[in-house]
Amino acid sequence: MPAIRPNHKVLLASMAIVLLAGMAALWAHEGHAPLPSRGATVDIATRRITLAATAREALGVTVVQAGREMPADSILAYASLTAPWDAHGFADSWLSGRITRLLARPGQIVTAGQTLAELEGLETETLYLDWKTARNSLQLAQKVQDVLQQATGAIAEGEIIAAENQTRVAANAVELIRAKWLALGLDQQGLEDSPIPGGPKKIAALPIRSPVSGTIVHSDLSTGKVVQAGEHLFEIVDTSRVWARIGILEQDINRVVPGMQVELRLTAYPGEAFNGVITMIGQALDPLTHLNDAWVEMPNPPGKAPRLLPGMRGQARILMPSARDGIVLPANALINNGVDRFVLLEVANTLSRTEYEAKSVEVLRESNSRVAIRRGGLFQGDRVVENGARELGSMLVPGTLSLTKESIATIGLRTAPASPGMINPVVELPGEVDHPPDRRGAASSPLTGVILQVHARPGQQVQPGDLLADIFSLDLISLQLDLLREHLRVELTGRQLEQIRASGNAASRRRLIETEAAHASALNARDSTSRKLQLLGLEPARLDKLLRQREVIPTLPILAPIKGQITAFNSIIGKSVRADEILFEIHDNSRPLIRALIAEGQLRQVKPGMIARARLISHPGLVLTGRVARSADSLDAIGQTLSAWIDLDQPLPANLRQGQMARVTLETGTSTPCLAVPVGALHREGNQISLFIQQDSVFNKVPIRLGTSNDLLAGILQGLNAGDQVVISGVEELNTAWLSVR
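As structure tokens, this is what we get:
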């Protein structure tokens, strides 16, 4: 085994141990001397200690069995409760008007679609008047058509055809107004005449309906109040479940994954813990706090008053998964004499004596009370010393401190031969992860409207065209009515054209040309309106249904523009949105860039094509490589820095978030090869710099004279030869062991 050897001879030291008043000192050695009636024997070579019963009792030595219950490592973070995206909404009015009835009040539980209030307005009365006018025109046109058809033979056929066409035009107008009436949520009954002949017709009331099921948490309405279109009238929250939003530090992003257990403690309930599981991981850092969100869905028990309410705050403990191949011991059972960590295993126990053997272990995880070690020479149920372990362990301080394979694994010790290397000059720059514009998507509503439903969740993976939300839009209804109007006009002019062609020479050439032109114009208008609706996201199948069944589709789909993951939702169900308002943000993390920030004094050192290396806080030890691709060619007015973008080599870590901080190193030139070691191999004590060199099984600490260095390599001018086996990791732990042996 490799060992650290100080500059003195290896001795088998005798040690005096005071066990009880009057107990004699006993000498330990490598042989198998007879065990005295009272005392202890230490065998350094075999790493065994034998205690007489009286000595064991005097030291208060106790043993414990090795178990399998792993100590839980955890991450602490701040948390707040919020309503899920699909469980919080506003009830708005789609038209301006006056509140005539209030059917709900704050604190009341309502269901989705339930009428909360009714509103009367001039727009509904105007629409009803249009309906009455269109229906009267239809009735008149129908009567004229019936009279002309009864007088067949006495009336010219052209007049009958014209009457039939007029009837179709009037019927189309009625259909269009009825479709708009129903699309606004008004009842069909509102179009019927007053039950009293000649009596006044009551103005139809527009219902204000709840967009979600839940509890009304706010409303300041009163009967008779005049409200504007898009005004928030009720706020409803479904408290049957809440989301716990946990802010994770950037350095812990890579440690947290869906499925991890979470223990939540809220300020409102001191001393009480709520358990949950992480279901969603955010894919973007908050630009202000630089935290990454993780989400836990937590239900409130049904049939009881909700205890978990949106707005509550507290602390979350994210529990890390336990290692499956570990053995657990009390922390007091672990002995550390520098670099070697071991336990004392009970190998023999009689009435008169007990024998213990030191077993080196590889530590996986430790806390103040427990320690987890990798299974190897120790098994579940083995008896190891707990009380008295450190006192007994101090007897095993050898003249040569051996590095066991367990010790090497625990400290992560690695060696590499010294060899010539190129130590190119570099410049260090701050930077951050930056996704190209074509890998950042914004889903917006192309028309003004109101959010009716949300189908997406934080961190959800989406593909282009996936449905994210539904928007109610009066502009959409108007466009569909235009399409219906043009479609009906196409049908009407088509029939007219067929009739003219069927009449042969009876029809004038001019009338034929005019009808053909009208039909072509209607076709063009219909096709153009249809394409507009398809550009807005309505599928051809939905448009065909509109034309066949005369049913207006009141909702506009909001679709994902690119593939990626949902990083933000910037609105609420029921909220009025503008056509340019971004509702969802989507990032494709598959091919990020690194944006380096170059200070004004460093501009001359940076050029496109330079070799670049980037290190992230979230990925310790990982070095991303690439080249400078381009720069902004203009200084930022606030920070007085120039942005340069680095194309990274593949493969890349998964899910690098926009805005993650990076440290960028650019190679500004080349150099001649010189003897070099990794910078991690250097040990600094004040002004003295040294290396650990392995010679056979011995590690020697040698002073060196340092030359030039960069972020990767350090040139050695004196104290090192090519081919020397140099310790390149675990240097600080090795130095601690070296000092303890000295």
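The sequence shown begins at 1199 in the working numbering and counts up by one. The C-beta atom is built at its ideal place from N, Cα and C for all residues, glycine as well. Source: prediction; values computed, not measured.
Could you give the residue range of the beta strand (DSSP E) that holds residue i?
{"i": "Asp1632", "result": "Val1624 to Asp1632"}
{"i": "Ser1558", "result": "Arg1551 to Ser1558"}
{"i": "Arg1903", "result": "Arg1903 to Ser1907"}
{"i": "Trp1493", "result": "Asn1490 to Pro1497"}
{"i": "Gln1893", "result": "Gln1886 to Gln1893"}
{"i": "Arg1539", "result": "Arg1539 to Asn1547"}
{"i": "Leu1733", "result": "Taken as a continuous stretch (DSSP letters only), Leu1733 belongs to no beta strand (DSSP E), being part of the alpha helix (DSSP H) at Arg1707 to Leu1733."}
{"i": "Ser1701", "result": "That residue, Ser1701, is in no beta strand (DSSP E); it is neither H nor E in DSSP."}
{"i": "Asp1668", "result": "Leu1665 to Phe1670"}
{"i": "Gln1916", "result": "Leu1911 to Gln1916"}
{"i": "Ile1353", "result": "Run containing Ile1353: none; DSSP gives neither H nor E here."}
For residue i, name the three-state secondary structure that DSSP assigns.
{"i": "Met1620", "result": "coil"}
{"i": "Leu1679", "result": "helix"}
{"i": "Lys1378", "result": "helix"}
{"i": "Thr1646", "result": "coil"}
{"i": "Lys1773", "result": "coil"}
{"i": "Ser1866", "result": "Going by the sequence as given, residue 1866 is Thr instead of Ser. Three-state result, Thr1866: coil."}
{"i": "His1817", "result": "coil"}
{"i": "Leu1590", "result": "helix"}
{"i": "Leu1404", "result": "strand"}
{"i": "Gln1856", "result": "strand"}
{"i": "Ile1945", "result": "The requested residue 1945 is not part of the displayed model; the chain covers only 1199 to 1940."}
{"i": "Glu1749", "result": "coil"}
{"i": "Leu1932", "result": "helix"}
{"i": "Gln1923", "result": "strand"}
{"i": "Lys1341", "result": "helix"}
{"i": "Ala1812", "result": "strand"}
{"i": "Ala1219", "result": "Residue confidence for Ala1219 is low, a pLDDT of 31 falling below 50, so the modelled location carries little weight and cannot support an answer."}
{"i": "Ala1231", "result": "Since pLDDT at Ala1231 reaches only 38, below the 50 mark, its modelled position is unreliable, and the value read off the structure follows with that caveat. Three-state DSSP puts Ala1231 in coil, outside helix and strand."}
{"i": "Asp1778", "result": "coil"}
Cβ of residue i within 6 Å of any heavy atom in the ligand ADP?
{"i": "Gln1732", "result": "Although the ligand ADP was asked about, the structure shown includes no ligands whatsoever."}
If residue i and residue j are in contact, beta carbons under 8 Å, what's the gap, nearest whole angstrom?
{"i": "Asn1919", "j": "Ala1616", "result": "7 Å"}
{"i": "Val1862", "j": "Ala1812", "result": "5 Å"}
{"i": "Ala1842", "j": "Ile1796", "result": "6 Å"}
{"i": "Leu1864", "j": "Val1625", "result": "5 Å"}
{"i": "Val1875", "j": "Leu1911", "result": "7 Å"}
{"i": "Glu1584", "j": "Thr1260", "result": "5 Å"}
{"i": "Ser1774", "j": "Val1648", "result": "5 Å"}
{"i": "Ala1514", "j": "Ser1643", "result": "Rounded, the Cβ-Cβ distance is 34 Å, inconsistent with contact."}
{"i": "Arg1254", "j": "Thr1552", "result": "6 Å"}
{"i": "Leu1611", "j": "Val1925", "result": "6 Å"}
{"i": "Leu1300", "j": "Leu1404", "result": "About 14 Å separates the two Cβ atoms, so there is no contact after all."}
{"i": "Asp1632", "j": "Leu1791", "result": "5 Å"}
Cα-Cα, which of the options is closest to residue i?
{"i": "Arg1333", "options": "Arg1793, Ala1369, Arg1299 and Leu1346", "result": "Ala1369"}
{"i": "Leu1374", "options": "Ser1550, Leu1346, Trp1329 and Lys1341", "result": "Trp1329"}
{"i": "Gln1426", "options": "Gly1772, Ala1758, Thr1602 and Ser1291", "result": "Ser1291"}
{"i": "Ala1879", "options": "Asn1933, Gln1848, Thr1866 and Leu1850", "result": "Asn1933"}
{"i": "Gly1928", "options": "Glu1555, Met1510, Asp1922 and Ala1614", "result": "Ala1614"}
{"i": "Ile1516", "options": "Val1648, Asn1853, Leu1274 and Asp1436", "result": "Leu1274"}
{"i": "Asn1534", "options": "Glu1560, Asn1547, Gln1459 and Leu1745", "result": "Glu1560"}
{"i": "Leu1447", "options": "Asn1490, Ile1675, Gly1422 and Met1478", "result": "Asn1490"}
{"i": "Gln1747", "options": "Thr1727, Leu1710 and His1685", "result": "His1685"}
{"i": "Met1496", "options": "Gly1524, Val1460 and Met1518", "result": "Val1460"}
{"i": "His1717", "options": "Leu1690, Ala1641, Ile1675 and Lys1730", "result": "Leu1690"}
{"i": "Leu1257", "options": "Thr1870, Ile1891, Gly1237 and Thr1465", "result": "Gly1237"}
{"i": "Leu1754", "options": "Ile1675, Gly1807, Ser1567 and Gln1697", "result": "Ile1675"}
{"i": "Leu1527", "options": "Val1569, Val1494, Val1545 and Asp1538", "result": "Val1569"}
{"i": "Gly1799", "options": "Asp1894, Trp1493, Tyr1326 and Leu1627", "result": "Leu1627"}
{"i": "Val1821", "options": "Val1896, Phe1540, Asp1847 and Lys1730", "result": "Asp1847"}
{"i": "Arg1443", "options": "Pro1304, Gly1469, Gly1692 and Arg1655", "result": "Arg1655"}
{"i": "His1881", "options": "Val1541, Val1240, Pro1759 and Lys1899", "result": "Lys1899"}
{"i": "Glu1564", "options": "Trp1493, Leu1679, Ala1810 and Ala1531", "result": "Ala1531"}
{"i": "Gly1772", "options": "Ser1888, Thr1244 and Leu1431", "result": "Leu1431"}
{"i": "Met1620", "options": "Asn1908, Ala1285, Leu1733 and Glu1321", "result": "Asn1908"}
Got a sec, what are the start and stop residues for the alpha helix (DSSP H) residue i sits in?
{"i": "Asn1473", "result": "No alpha helix (DSSP H) contains Asn1473, which is instead part of the beta strand (DSSP E) from Ala1471 to Leu1483."}
{"i": "Ile1760", "result": "It is not in any alpha helix (DSSP H) - Ile1760 carries neither H nor E in the DSSP assignment."}
{"i": "Glu1604", "result": "Lys1603 to Ile1609"}
- Which whole runs of the alpha helix (DSSP H) in the region 1233-1288 are 4 residues long or more, in chain order? Counting whole runs of 4 or more residues, the region 1233-1288 contains the alpha helix (DSSP H) stretches 1251-1257.
- Message: Extract the residue ranges of the beta strand (DSSP E) inside the region 1282-1331, only unbroken runs of 3 or more that lie entirely within it.
- Response: Within the region 1282-1331, the complete beta strand (DSSP E) runs of at least 3 residues are 1286-1290, 1295-1300 and 1313-1318.
- Those runs of the beta strand (DSSP E) which lie wholly inside the region 1401-1452 and span at least 3 residues: Entirely contained in the region 1401-1452, the beta strand (DSSP E) runs reaching 3 residues are, in chain order, 1404-1407, 1412-1416, 1430-1435 and 1439-1446.
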